[in-house]
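Counting in my numbering, the sequence shown runs from 5 upward without gaps.
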Amino acid sequence: MENHRVALVTGANGYLGQCICRRLITEISTDHKEVEKLTIVVTSRTFRTVTAIVKDLQSFTQKLQLKSKCKLQVSFDYLLFDQTDMVSVLTASYQLQKRFTHLDYIFFNSSHSQMGGIDYWQATKDFFTNPIRAFTVGTFKIQGVARKSGDGMGATFEANVFAPYFLVQHIKESLLHPGSRLIWISTSISLPEFFDPNDIGIEKSEHSYECSKYELELLHQATYKQLYEKDGIQSWLLQPGVFKSTTFVPTMNIFMYISMLVMFYICRWFGSPYHCIYPELASNAPIWCALKADPKVDSMAIKYGSSTSRLGSERLMRSNVDFTEENAALVLDYVKGLEKEWDEKLKDQVLE
């Protein structure tokens with residue numbers, strides 16, 4: 005187990021997911037010579053997508069091996085599952101247990117959002133009144149009230165909060181071990197103002213993405229101590245900064261895309277630590293949490309972040325999470341109740 009590492013990367017087809025995979029390969033091959041073999045399991049909802057990302061990663065690995073003459077054996081596998089479909093999530097847990105004996109890293113990178121586009125009038129207004137905040141928080145994004153999934157839950161809540169929790173609970177005993185690391189990828193705009201204790205399922209919020217990420221942080225706060233003290237499993241929370249992502253870029257025309265990049269650079273120049281701009285830099289915190297964070301020295305109670313200097317040199321940010329124990333307990337109780345409900349619903353599900 006020590007010389008064979010296995011990493012599960014959800015949403016590996018996105019810009020950040022690809023960079024996490026590439027950086028994981030690069031840093032393990034150069035800085036962790038004790039590792040002889042690395043297996044990366046990528047996930048997506050479609051076969052076409054996962055085969056494309058596997059081919060891309062295989063090509064990257066071959067070039068790296070030729071260039072650096074590294075001896076690390078890298079292999080790839082994939083899972084097809086939809087985090088807004090609990091049958092699919094349960095099937096994924098079954099497939100993981102069937103194929104592997106252990107998981108060393110799980111990067112919860114996949115995110116569901118219902119980005120509907122951009123309010124151009126609001127964007128123009130915010131550009132002249134508060135441009136730094138506008139291009140950090142994204143005040144002009146159009147989301148609307150969260151849609152429901154086929155399972156009857158708020159789709160954003162199910163994909164970003166409940167499904168990852170459910171997956172961990174179903175593989176914890178068989179695949180996770182002391183030293184395994186859960187890497188929870190949140191966002192820099194997960195603020196307590198978006199949380200509604202009367203809408204934990206996120207069915208009414210018009211900021212479903214931000215709210216789901218804040219609830220993910222509350223869930224982390226409610227569970228990381230027990231995971232580590234009881235099972236030796238490390239749970240790390242982070243935000244990757246602001247960068248061009250597959251969540252946002254496809255909703256933009258070329259003019260808005262170029263304008264966005266220009267504003268990102270302006271924000272960075274005026275001192276914003278969040279504007280990584282490129283996913284290569286945004287992958288800094290995820291890989292640091294996976295390979296360098298030391299639970300004896302580094303706190304799992306805080307949120308780490310990918311950050312840059314004005315000139316684009318990567319840095320690691322540390323920040324406290326603004327939360328109350330009461331709200332964290334509310335979210336944990338809610339997902340535990342859902343877990344019990346869905347275990348009952350799926351108890352006779354045949355998985356092949």
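Just so it is clear, CB atoms sit at the ideal spot from N, CA and C, and this is done for glycine as well.
What does DSSP give as the partner residues of residue i in its beta bridges?
i, result
"residue 72", "DSSP output for residue 72 lists no bridge partner at all."
"residue 9", "42"
"residue 48", "84"
"residue 158", "152"
"residue 110", "12 and 186"
Since residue i and residue j should fall inside the 8 Å C-beta cutoff, what is the C-beta to C-beta distance between them, to a whole number of angstroms?
i, j, result
"residue 10", "residue 55", "With a Cβ gap of about 20 Å, residue 10 and residue 55 do not count as contacting."
"residue 4", "residue 350", "Nothing about residue 4 can be reported from this structure: the residues present for the chain run from 5 to 356 only."
"residue 22", "residue 57", "7 Å"
"residue 339", "residue 231", "At roughly 14 Å, the Cβ-Cβ gap does not stay under 8 Å, so residue 339 and residue 231 are not in contact."
"residue 283", "residue 247", "5 Å"
"residue 17", "residue 63", "Contact flag wrong, Cβ pair sits at about 15 Å."
"residue 61", "residue 33", "No, residue 61 and residue 33 are not in contact; Cβ-Cβ is about 13 Å, not under 8 Å."
"residue 159", "residue 116", "6 Å"
"residue 24", "residue 290", "5 Å"
"residue 101", "residue 179", "6 Å"
Less than 7 Å between the CB of residue i and some heavy atom of the ligand SAM, yes or no?
i, result
"residue 273", "Absent from the structure shown: the ligand SAM. Ligands present: none."
Under 8 Å Cβ to Cβ from residue i, same chain only, skipping five residues before and after it: list those, please.
i, result
"residue 214", "191, 193, 194, 195 and 198"
"residue 333", "226"
Leaving out the 5 sequence neighbours to the left and right, which residues in its chain are closer than 6 Å to residue i when beta-carbon positions are compared?
i, result
"residue 286", "20, 244, 245, 247, 280 and 310"
"residue 318", "285, 288 and 312"
"residue 162", "88 and 153"
"residue 200", "none"
"residue 219", "165 and 335"
"residue 46", "13, 16, 54, 57 and 82"
Whose C-beta lies closer than 7 Å to the C-beta of residue i among residues of the same chain, with five residues either side of it excluded?
i, result
"residue 93", "85, 87, 167, 170 and 171"
Open item on the list: Please give me, in chain order, every unbroken run of the alpha helix (DSSP H) with length at least 4 that falls completely inside the stretch 277-345.
Closed with: 283-286 and 288-295
- [ ] Counting only runs of 4+ residues fully inside the stretch 166-247, write out the alpha helix (DSSP H) ranges in chain order.
- [x] 167-179 and 212-235
Task: Stretch-stretch touch, CB-based, cutoff 8 Å, three pairs: the stretch 294-308 with the stretch 263-272 - done: no
Open item on the list: For the stretch 286-299 against the stretch 323-333, do three or more pairs of beta-carbon atoms, one drawn from each stretch, fall closer than 8 Å, so that the two count as touching?
Closed with: no
Task: 3 or more residues per run - each beta strand (DSSP E) lying fully within the stretch 76-101 - done: 77-84
Task: Inter-stretch contact at 8 Å, needing at least 3 Cβ pairs: the stretch 173-188 / the stretch 100-113 - done: yes
Open item on the list: Under 8 Å, with one C-beta from each stretch per pair, do the stretch 25-45 and the stretch 196-213 reach the 3-pair mark?
Closed with: no
Open item on the list: Using a Cβ distance threshold of 8 Å, determine whether the stretch 234-243 contacts the stretch 178-194, with at least three qualifying pairs required.
Closed with: yes
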